[in-house]
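Please read the structure below before turning to the comments.
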Amino acid sequence: MKQTLIPVLLAFLILGHRISIGYSYLLEWDCGLSKYTYRITGGRDSPLMLHPWVAYLHVNSKFICGGSLLNHYSIRPICLMLNPNWQGYLDTIKYFIITGWGATNASEVSDKLQLTRIPQIDRFTCRYWFGYKVDRTHICAGESKHYVGKGDSGGPLGIMVDYNYAKRFFQFGIVSHLRQPFQGVSVFTNILSYSNWIHRTIISNSGY
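In full-length UniProt numbering, the protein residues as written are 1 to 208.
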């Protein structure tokens, strides 16, 4: 998951014909659940079905970008908190889990989903120390040893959250910045800032 970032294609796959709105702001009541429990200490291959909501988008066998499934027909979706009041909670997160199909030492795009843990960088430090133009629509995260790169665009940034008596994976960010990571630090799109747009788009595409 290293090297430079490619331009992002925001990849939200809308599967199925109905969605569940109103379950404590979640799109799906059973989102973000995995049959595995895990602890990340460094970048590695993700076990099969550990992150069943991560998508691999390609056109004519050419990789385009990663993405996240938001609601399901036969595949378990990721959790999105469509409540902007969670911004205060987001700002307290120390480490995120990042997954993607990014470059490894052997190739530009990995044939196995990669995952690692990266620290959040506060926006003041990100702006004045690393030189990024960031605001509350962004999340800043990364370090020199673990960071996103070519092939990771569109991938989810999130954490495991104890929610409604279960550990669930919540997505808070999207790999999206075009600039090469400086000392491993990258900028991600903050999903909470676009929660209303996401909600409206899904309703529009659901057909009712």
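We put the beta carbon where it would ideally sit given N, CA and C, even for glycine.
Under 8 Å, do Val175 and Gly100 count as touching if we go by C-beta distance? yes
Mapping the DSSP letters down to three states, classify Ile203 as helix, strand or coil. helix
N-terminal and C-terminal residue of the alpha helix (DSSP H) that Gly131 is part of: Note, Gly131: premise wrong, no alpha helix (DSSP H); not H, not E.
Euclidean distance between Cα positions of Tyr128 and Phe170: The alpha-carbon atoms of Tyr128 and Phe170 are separated by roughly 29 Å.
Pairing CB atoms from the stretch 117-128 with CB atoms from the stretch 139-159, are three or more of them under 8 Å? Yes, since at least three Cβ pairs between the stretch 117-128 and the stretch 139-159 fall closer than 8 Å, the two stretches touch.
Which class does residue 284 belong to by DSSP, given the choice of helix, strand or coil? This structure cannot speak to residue 284, because the chain is shown only from 1 to 208.
Using beta-carbon positions only, say whether Ile93 and Ile198 come within less than 8 Å of one another. Result no, Cβ atoms of Ile93 and Ile198 do not sit closer than 8 Å.
Which whole-angstrom value describes the C-beta separation of Asn83 and Ser195, a residue pair presumed to lie in contact below a C-beta threshold of 8 Å? 7 Å
Specify, as a first and last residue, the run of the beta strand (DSSP E) that Leu115 falls within. 114-121
Select from Tyr165, Lys167, Ile191, Cys140 the residue whose C-alpha is nearest the C-alpha of Gly173. Ile191
Helix, strand or coil at Asn196 according to DSSP, with G and I counted as helix: Asn196: helix per DSSP, three-state reduction.
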